Each structure stands twice: as C-alpha cells, then as structure tokens.
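Chemist: Numbers 39 to 576, taken from the working numbering, label the letters of the sequence shown in order. C-beta atoms are modelled at their ideal positions from N, C-alpha and C, and glycine is treated no differently. None of the values given here were measured: they were computed from a predicted structure. Before we start, here is the structure in question, set down as structure tokens.
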Amino acid sequence: MKIETDFLVIGSGIAGLTYALKVADRGTVSLVTKRNIDITATQLAQGGIATVFSEEDSFGAHAEDTMVAGAWLSKPEIVELVVQSGPAAVGDLINWGVQFSRNQDNEYDLTREGGHSHRRILHAKDATGREIERALVEAAQQHPNITLFQDHIAVDLITEAKVLQRPVSPNRCLGAYIFDKENEEVVTFGARFTVLATGGAGKVYLYTCNPDIATGDGVAIGWRAGADVANMEFMQFHPTTLYHPNAKSFLISEAVRGEGAILKRSDGYAFMADYHPLKDLAPRDIVARAIDSEMKKYGDDCAYLDITYKGAAFIKDHFPMIYETCLQYGIDMTREPIPVVPAAHYLCGGLRVDQDGETNIDNLFAIGEVACTGLHGANRLASNSLLEGVVFAKRAAQLSLERFDKQYPPNPPVPTWDSGNATDSDEEVIVAHNWDEIRRCMWNYVGIVRSDKRLQRAMNRILLIQQEIDEYYWDFLLTSDLIELRNIATVAKLIVQSALSRHESRGLHFTIDHPERDDQNFQHDTIIPGAEYCSSGS
Ligand code: SIN
Numbered sequence: 039m040k041i042e043t044d045f046l047v048i049g050s051g052i053a054g055l056t057y058a059l060k061v062a063d064r065g066t067v068s069l070v071t072k073r074n075i076d077i078t079a080t081q082l083a084q085g086g087i088a089t090v091f092s093e094e095d096s097f098g099a100h101a102e103d104t105m106v107a108g109a110w111l112s113k114p115e116i117v118e119l120v121v122q123s124g125p126a127a128v129g130d131l132i133n134w135g136v137q138f139s140r141n142q143d144n145e146y147d148l149t150r151e152g153g154h155s156h157r158r159i160l161h162a163k164d165a166t167g168r169e170i171e172r173a174l175v176e177a178a179q180q181h182p183n184i185t186l187f188q189d190h191i192a193v194d195l196i197t198e199a200k201v202l203q204r205p206v207s208p209n210r211c212l213g214a215y216i217f218d219k220e221n222e223e224v225v226t227f228g229a230r231f232t233v234l235a236t237g238g239a240g241k242v243y244l245y246t247c248n249p250d251i252a253t254g255d256g257v258a259i260g261w262r263a264g265a266d267v268a269n270m271e272f273m274q275f276h277p278t279t280l281y282h283p284n285a286k287s288f289l290i291s292e293a294v295r296g297e298g299a300i301l302k303r304s305d306g307y308a309f310m311a312d313y314h315p316l317k318d319l320a321p322r323d324i325v326a327r328a329i330d331s332e333m334k335k336y337g338d339d340c341a342y343l344d345i346t347y348k349g350a351a352f353i354k355d356h357f358p359m360i361y362e363t364c365l366q367y368g369i370d371m372t373r374e375p376i377p378v379v380p381a382a383h384y385l386c387g388g389l390r391v392d393q394d395g396e397t398n399i400d401n402l403f404a405i406g407e408v409a410c411t412g413l414h415g416a417n418r419l420a421s422n423s424l425l426e427g428v429v430f431a432k433r434a435a436q437l438s439l440e441r442f443d444k445q446y447p448p449n450p451p452v453p454t455w456d457s458g459n460a461t462d463s464d465e466e467v468i469v470a471h472n473w474d475e476i477r478r479c480m481w482n483y484v485g486i487v488r489s490d491k492r493l494q495r496a497m498n499r500i501l502l503i504q505q506e507i508d509e510y511y512w513d514f515l516l517t518s519d520l521i522e523l524r525n526i527a528t529v530a531k532l533i534v535q536s537a538l539s540r541h542e543s544r545g546l547h548f549t550i551d552h553p554e555r556d557d558q559n560f561q562h563d564t565i566i567p568g569a570e571y572c573s574s575g576s
C-alpha cells in the first residue's frame with residue numbers, strides 16, 4: 039500500500055501535535071503513532087512547562103539557569119531563542135485549550151523545580167502532560183486535514199540517496215516506510231516534509247520512568263538514513279522514581295522537592311547538604327549521583343523522600359495523582375516518606391538539528407526529545423523540554439510552510455517496500471533475550487557512574503548483539519518488537535560511542551577515569567555522522 043501526503047508527522051506527543059496543528063490548514067497531514075494517539079511521554083509529564091511569567095523573573099535568569107544546569111555546554115543563542123519564545127509558546131497551548139492551574143487570586147500558579155532560581159513552572163496540578171495531551175489531541179482530531187494512523191510504527195526513512203542507490207548531496211527525505219501492526223504490512227508514505235517527533239529512549243535502560251514506546255526509534259531511523267547525531271552520552275537519570283516492585287519506576291515529580299520535600303537515608307539523615315549548597319534542589323545530575331552514592335555506601339536499596347511535614351491537605355491538593363498512585367502501592371505520602379531510586383528519564387542528545395529543527399537531510403525535521411537542538415547541553419533543566427518541543431515544532435512548521443509553495447524539483451517516485459524472501463520467525467526468544475541483554479548491559483555499564491573499562495565492555499557486547507540482530511532482521515518478516523529491538527541496539531551503540539569519546543566528566547556524563555570537568559580540552563559536541571548510504575540499510 040502507498041499513501042501520498044504533504045506532511046508526514048511521526049509521533050503524537052507535544053512536538054508532533056504542535057507541528058501538525060500549525061501546518062494542517064495548508065495541506066494534508068498524516069499523523070503516525072505506534073500505539074494510541076495519547077500513549078506518549080508527554081502524557082506522563084508531571085512537572086510542567088518552564089517560562090518567564092512573573093515580574094520578578096527575567097529571560098536572563100531563565101537563560102542563566104539553563105546554562106548552569108547544562109554545565110555550560112548549551113548553545114547560548116539557542117537558549118536565548120527558546121526562553122524568549124516561551125510566553126508565545128505557552129500562549130499557543132492556552133489557545134488550544136490547555137488549562138494550567140491557577141492560585142486563589144486566579145493567577146497562573148507557578149511552581150519551582152531543581153536548578154530554577156525563580157518560580158516559573160506552569161503546571162496542571164501534578165499531571166501537566168496529561169492536560170496538554172488532552173487539549174492538543176482534541177484539536178488535532180477535530181481538524182479535517184489531519185489523518186491519524188494509530189498502531190503504525192516507522193521502519194526506515196526513504197531518502198533520495200536510498201532511492202537512487204548512491205550518495206546524494208544534499209540528501210532529501212521523501213517519506214518513510216511504516217509498519218501497520220494490525221494488518222502486518224509495510225505501508226509506503228511519500229511526503230514532501232517528514233517530521234520525527236518520536237520522543238526519547240529510556241527503554242534502552244533496564245529501569246526507566248519512560249513509557250514502553252520510548253525505544254529511540256527516531257534517533258535510530260534518522261541516523262541510519264544519514265542524519266547526524268550529537269551528545270548521546272547525556273542520558274538524564276531522574277533522581278526520584280517510586281521504589282516498588284510493581285510500580286514500573288513511577289515518577290515522583292521534582293516539583294515535590296520544589297515544594298519542600300527532603301531526601302533522607304534509611305537512618306533518617308538528610309544527606310543533600312553534603313553534596314550541594316542548593317541541597318535537595320541541586321541540579322538533577324548531582325541529586326541522582328548523590329542518591330546512587332549514598333545507596334552504595336550504606337547498602338540501602340533506595341532513598342526516602344519526605345514531605346510529610348507539609349500536612350495532608352497541602353499534599354493532596356498539590357500532588358493528587360502522585361498521592362493516589364503511591365497509595366495504590368500502600369504508601370501514604372502524607373504520613374511516611376516515599377521510597378525512591380533514580381531511573382533513566384530524558385535523552386539530552388539526539389538528531390542534530392539547526393535552529394528550525396531541520397536535520398542535515400533536507401525536509402527531514404526532528405523535534406522534541408528525539409532532537410539535539412543545543413538547548414540542554416550536558417544536562418536538561420527541569421521543565422525545559424515541553425517548552426523546547428513547542429518552540430521547535432513551531433519553527434519547523436514555519437520553515438515547512440515557507441517552502442511549501444515554492445517550486446522544488448519534484449520528488450522521484452518512491453519504491454514500495456520489498457520483503458524479499460523473509461519468512462515468519464520461529465525463534466522469537468532471540469528478540470526477547472536481546473532486548474533484556476541490551477537493557478541490563480546499559481544499566482550496569484553505561485549508567486549514572488561510568489568507566490572506560492565498563493564502556494568498552496558494553497560496546498563489545500552491543501556490537502555482538504547488533505550482528506545477531508542484523509542476521510535475524512533480513513531473514514524474518516517484520517514485527518513491532520523486532521523493529522524496536524533493532525532501534526534500541528542502534529541507540530545503545532550511539533550512547534556508548536559518544537560516552538567513550540568524551541574524556542571528562544560533565545553534566546550527566548560522569549566517569550571515574552576522568553572525574554573532573556576539563557575546560558581546556560573538552561569537545562563541545564560529540565557528533566556521530568549519520569550512517570553513510572548502504573544498500574542493506576542496516
Ligand atoms: C518532573 O516532574 O520531575 C519531571 C519534569 C521534567 O523532567 O522536566
């Protein structure tokens with residue numbers, strides 16, 4: 039089957055939906071998502087969206103906080119651009135119907151999170167992402183030009199180089215092959231503009247608060263098609279996810295610490311003062327490493343987050359969803375501290391894009407967590423990512439629309455997918471086993487604290503697994519699990535390769551072999567050029 043569309047948007051979180059809504063009046067939009075439209079990382083975002091909204095605050099202060107959190111690796115011009123675009127981006131969300139929490143005076147309620155010098159986080163209680171997703175999904179579903187393809191997962195991009203079977207400069211994106219899970223067939227989408235808004239890659243790690251869909255698909259398929267990636271070593275571990283065997287690393291928002299919660303050891307000692315002057319509101323990398331170090335030193339299984347002193351009424355009003363969820367697991371956070379551990383949360387690196395969200399492949403945009411825009415540097419400031427998603431989606435949409443009416447050489451016809459001699463697999467255990475092995479290997483060897491030896495070990499194993507996957511991939515018919523496995527293996531390799539090439543500790547990348555920041559000889563970005571065109575496409 040073949041579908042022609044003006045705009046192909048892969049991913050239905052805040053970035054993908056914003057782009058779709060911004061271009062839909064001008065052409066046909068195919069919105070592709072691998073599960074239901076609202077199963078996204080945006081939906082799970084608790085904290086909120088950071089923007090300058092009060093008179094005491096300023097763009098300068100927001101920019102400075104972003105640079106400090108990013109260990110001075112963020113690009114100042116991008117930081118300026120994003121913080122200054124903040125109020126307009128939030129205005130768009132409000133116009134689409136997002137209802138942020140208000141205080142008793144009916145003004146927007148601004149909360150605080152780690153690394154922010156001012157209250158500047160707009161939120162909808164403790165379920166901000168759910169409210170944003172609700173409003174944007176409703177708006178998208180009402181638009182006659184947006185056609186939704188649920189349960190469709192991207193396999194590979196179609197580029198001019200791939201069609202012509204030779205390198206082309208500049209290369210151009212012509213659409214994508216997308217696997218329809220229900221009908222078990224690969225659909226060929228030809229598109230003038232292709233947008234990767236597939237979110238992050240937390241599932242590369244054994245423990246993550248990301249949804250199951252976060253398998254780094256966009257990074258992997260973009261890189262395979264020739265798009266450059268940058269700064270993949272900077273995986274952010276959220277310091278506080280619920281420690282409970284059945285809770286799947288449920289996130290305990292940083293806003294809980296923003297409103298005064300204190301981290302303690304099992305013996306009740308509040309340890310953050312030993313690590314940073316901002317104590318519990320230190321940047322996330324420092325808090326996550328502090329918890330990791332205390333757990334290792336004292337042999338504890340977790341740390342404890344205590345907000346009981348604020349009283350039940352305050353807690354239930356500010357954190358209704360976290361309160362209810364903890365209660366389901368037998369923890370009453372109004373009376374006892376919450377057991378917490380760090381888990382993989384946010385990929386600061388990704389497909390390298392310019393200030394309009396475009397990759398080095400023409401008409402291929404990457405927006406949201408899949409992209410590396412230069413905003414986050416070595417560590418993302420809390421609640422900057424929803425903002426980045428909207429700002430870059432708007433910019434990518436603007437550039438697409440400017441090009442839309444201009445004459446371009448017409449796209450060459452795109453070939454439909456060819457399954458070759460692939461047959462049904464009789465050994466799906468290989469897929470399950472390799473999934474597990476990659477995630478464990480990444481958690482044990484490429485986690486919060488790294489070393490050259492551990493990274494090299496991880497690389498050896500991942501290359502071996504990749505070889506196995508490649509052999510398997512071309513022999514058997516596609517399944518969704520196989521597509522995702524191939525992607526997490528690619529992303530794992532890119533993370534390890536980037537980590538091996540940074541010979542210092544900075545932000546989220548901490549290695550015992552180079553424990554200090556090196557301001558003399560550091561490389562700004564660890565860039566891995568996109569895979570060159572090759573006929574196997576692997
Ligand atoms: C949180 O609520 O702690 C997550 C917010 C974020 O990661 O930006």
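1) Taking Ile132 as the reference, give the member of Asp338, Lys335, Glu171 with the closest Cα.
2) In the structure shown, what three-state DSSP assignment does Leu212 receive?
3) So is the beta-carbon of Leu289 under 7 Å away from any non-hydrogen atom of the ligand SIN?
4) DSSP puts Phe548 in a beta bridge; with which residues?
5) Quick one, are the C-beta atoms of Ile251 and Gly237 less than 8 Å apart?
6) CA-CA distance, Asp563 and Leu538?
7) Taking Phe442 and Gly65 to be in contact with their CB atoms under 8 Å, please state how far apart those CB atoms are, rounded to whole angstroms.
8) Grab the span of the beta strand (DSSP E) containing Val487 for me, first residue to last.
9) Taking the runs of the alpha helix (DSSP H) that are 4 residues or longer, which of them lie wholly in the segment 176-261?
10) Do you know offhand how far Val534's Cα is from Lys348's?
11) Within 7 Å: the Cβ of Ser207 and any heavy atom of the ligand SIN?
12) Counting C-beta neighbours from all protein chains within 10 Å, is the total for Ser207 16 or more, i.e. buried, or is it exposed?
13) Closer than 7 Å to a non-hydrogen atom of the ligand SIN - does that hold for the CB of Gly85?
14) Skipping 5 residues on each side, what residues in its chain have a beta carbon closer than 7 Å to that of Trp481?
15) For the ligand SIN, I want to know if Tyr384 counts as a neighbour, meaning its beta carbon is within less than 7 Å of at least one of the ligand's heavy atoms.
16) Only counting the same chain, and skipping five residues up and downstream in sequence, which positions put a Cβ closer than 7 Å to that of Val117?
17) Between the Cα of Ala268 and the Cα atoms of Thr253, Ser421, Cys410, which residue gives the shortest distance?
18) Residues in its own chain within less than 7 Å of Gln81 by CB, not counting five upstream and five downstream?
19) Measure the Cβ-Cβ separation of Glu93 and His156 and say whether it is below 8 Å.
20) How is Lys72 classed by DSSP in three states: helix, strand or coil?
21) How many angstroms separate the CA atom of Ala350 from the CA atom of Leu343?
22) Is it right to say Ala470 is buried, meaning 16 or more other beta carbons lie within 10 angstroms of its own, or is it exposed?
23) From which residue to which residue does the alpha helix (DSSP H) around His154 run?
24) Is Glu297 close to the ligand SIN? I mean its beta-carbon at under 7 Å from any heavy atom of the ligand.
25) Leaving out the 5 sequence neighbours to the left and right, which residues in its chain are closer than 7 Å to Leu523 when beta-carbon positions are compared?
26) Give, in chain order, every unbroken run of the alpha helix (DSSP H) that is at least 4 residues long and sits entirely within the segment 317-369.
27) Just checking His156 against the ligand MN - is the residue's beta carbon closer than 7 Å to any of the ligand's heavy atoms?
28) Pull up the distance between the alpha-carbon of Ser576 and that of Tyr307, whole angstroms please.
29) What whole-angstrom Cβ distance do Glu160 and Val128 have, given they're in contact under 8 Å?
30) Is DSSP giving Met270 helix, strand or coil here?
31) Which same chain residues, not among the five before or five after Ser543, have their C-beta less than 8 Å away from its C-beta?
32) Applying the criterion that 16 or more other CB atoms from any shown protein chain within 10 Å of the CB defines a buried residue, is Lys334 buried or exposed?
33) Got a sec, what are the start and stop residues for the beta strand (DSSP E) Val379 sits in?
34) Report the rounded CA-to-CA distance for Thr346 versus Met310, giving the unit in angstroms.
35) Do you know how far the Cα of Glu466 is from the Cα of Asp519?
36) Give me whichever residues DSSP pairs with Ile41 in a beta bridge.
Modeler: Let me lay it out:
1) Along the sequence shown, one-based indexing puts residue 132 at 94. Selected option, being the one with the closest Cα: Glu171.
2) Residue 212 sits at position 174 when you count from the first residue of the sequence shown. Leu212 falls in the strand class under three-state DSSP.
3) Here the question's residue 289 lines up with position 251 in the sequence shown. Within the cutoff, so yes.
4) Taking the first residue of the sequence shown as position 1, residue 548 is located at position 510. Phe548 is bridged by DSSP to nothing; it lacks a bridge partner.
5) What you label residue 251 is simply residue 213 of the sequence shown in a count that begins at 1. What you label residue 237 is simply residue 199 of the sequence shown in a count that begins at 1. Their beta carbons are under 8 Å apart, which means Ile251 touches Gly237 by this criterion.
6) Looking up residue 563 in the sequence shown gives position 525. Looking up residue 538 in the sequence shown gives position 500. Their backbone Cα atoms lie some 13 Å apart in a straight line.
7) As a working mapping, residue 442 is identified with position 404 in the sequence shown. As a working mapping, residue 65 is identified with position 27 in the sequence shown. Confirmed, about 7 Å.
8) Stepping through the sequence shown from its first residue, residue 487 is reached at position 449. Per DSSP, Val487 belongs to no beta strand (DSSP E) and is neither H nor E.
9) You should have 198-202.
10) The residue given as residue 534 occupies position 496 in the sequence shown. The residue given as residue 348 occupies position 310 in the sequence shown. Here the alpha carbons of Lys348 and Val534 stand approximately 42 Å from one another.
11) Sequence index remark: in the sequence shown, residue 207 carries index 169 (1-based). Because no heavy atom of the ligand SIN lies under 7 Å away, the Cβ of Ser207 does not count as near it: no.
12) Taking the sequence shown and counting its residues from 1, one reaches residue 207 at position 169. Looking at its Cβ environment, which holds fewer than 16 other Cβ atoms inside 10 Å, Ser207 is exposed.
13) Taking the sequence shown and counting its residues from 1, one reaches residue 85 at position 47. Flag set: Cβ of Gly85 near the ligand SIN.
14) For the purposes of this step, residue 481 is taken as the residue at position 443 of the sequence shown. Tyr243, Leu244, Tyr245.
15) Start at 1 with the first residue of the sequence shown, and residue 384 comes out as number 346. Relative to the ligand SIN, the nearest heavy atom lies less than 7 Å away from the CB of Tyr384.
16) Residue mapping note: residue 117 aligns to position 79 of the sequence shown, counting from 1. Closer than 7 Å at Cβ, skipping near neighbours: Ala101, Thr104, Met105, Leu413.
17) The count along the sequence shown starts at 1 and reaches residue 268 at position 230. Measuring from the Cα of Ala268, the nearest candidate turns out to be Cys410.
18) Indexing the sequence shown from 1 puts residue 81 at position 43. Taken in chain order, the residues that qualify are Gly167, Arg168, Glu171.
19) Stepping through the sequence shown from its first residue, residue 93 is reached at position 55. Stepping through the sequence shown from its first residue, residue 156 is reached at position 118. Taking 8 Å as the Cβ cut-off, Glu93 and His156 do not qualify as a contacting pair.
20) Here residue 72 refers to the residue found at position 34 of the sequence shown. Under the three-state reduction of DSSP output, Lys72 falls in the coil class, being neither helix nor strand.
21) For the purposes of this step, residue 350 is taken as residue 312 along the sequence shown, with counting starting at 1. For the purposes of this step, residue 343 is taken as residue 305 along the sequence shown, with counting starting at 1. CA-CA distance, Ala350 to Leu343, rounds to 15 Å.
22) If you number the sequence shown from 1, residue 470 lands on position 432. Answer is exposed; the Cβ neighbour count stays below 16.
23) By one-based count along the sequence shown, residue 154 stands at place 116. Here His154 belongs to no alpha helix (DSSP H), and DSSP marks it neither H nor E.
24) Walking along the sequence shown from the start, residue 297 turns up at place 259. Outside the cutoff, so no.
25) What you label residue 523 is simply residue 485 of the sequence shown in a count that begins at 1. The residues Val469, Asn472, Trp473, Ile507, in chain order, have a CB closer than 7 Å to that of Leu523 in the same chain once the five nearest residues on each side in sequence are set aside.
26) Those alpha helix (DSSP H) runs which fall completely within the segment 317-369 and span 4+ residues are 322-336, 350-356, 358-366.
27) Absent from the structure shown: the ligand MN. Ligands present: the ligand SIN.
28) Position 538 of the sequence shown holds residue 576. Position 269 of the sequence shown holds residue 307. The pLDDT assigned to Ser576 is 37, lower than 50, so where the model puts this residue is not dependable, and the model offers no usable value.
29) In the sequence shown, the residue the question calls residue 160 occupies position 122. In the sequence shown, the residue the question calls residue 128 occupies position 90. Reading off the sequence, residue 160 comes out as Leu, not Glu. At roughly 6 Å, the Cβ-Cβ gap stays under 8 Å, so Leu160 and Val128 are in contact.
30) Here the question's residue 270 lines up with position 232 in the sequence shown. Note: Met270 maps to coil in three-state DSSP.
31) By one-based count along the sequence shown, residue 543 stands at place 505. The residues are Thr549, His552, Pro553, Glu554, Arg555.
32) Along the sequence shown, read from residue 1 onward, the residue named residue 334 stands at position 296. Exposed, by the Cβ-count rule.
33) As a working mapping, residue 379 is identified with position 341 in the sequence shown. Run containing Val379: 376-385, per the beta strand (DSSP E) assignment.
34) Counting from 1 along the sequence shown, the entry for residue 346 is found at position 308. Counting from 1 along the sequence shown, the entry for residue 310 is found at position 272. Straight-line Cα distance between these residues: approximately 18 Å.
35) The sequence position of residue 519 within the sequence shown is 481, counting from 1. The sequence position of residue 466 within the sequence shown is 428, counting from 1. The straight-line gap from Cα to Cα measures roughly 9 Å.
36) One-based indexing of the sequence shown puts residue 41 at position 3. In DSSP, Ile41 forms a bridge with Phe227.
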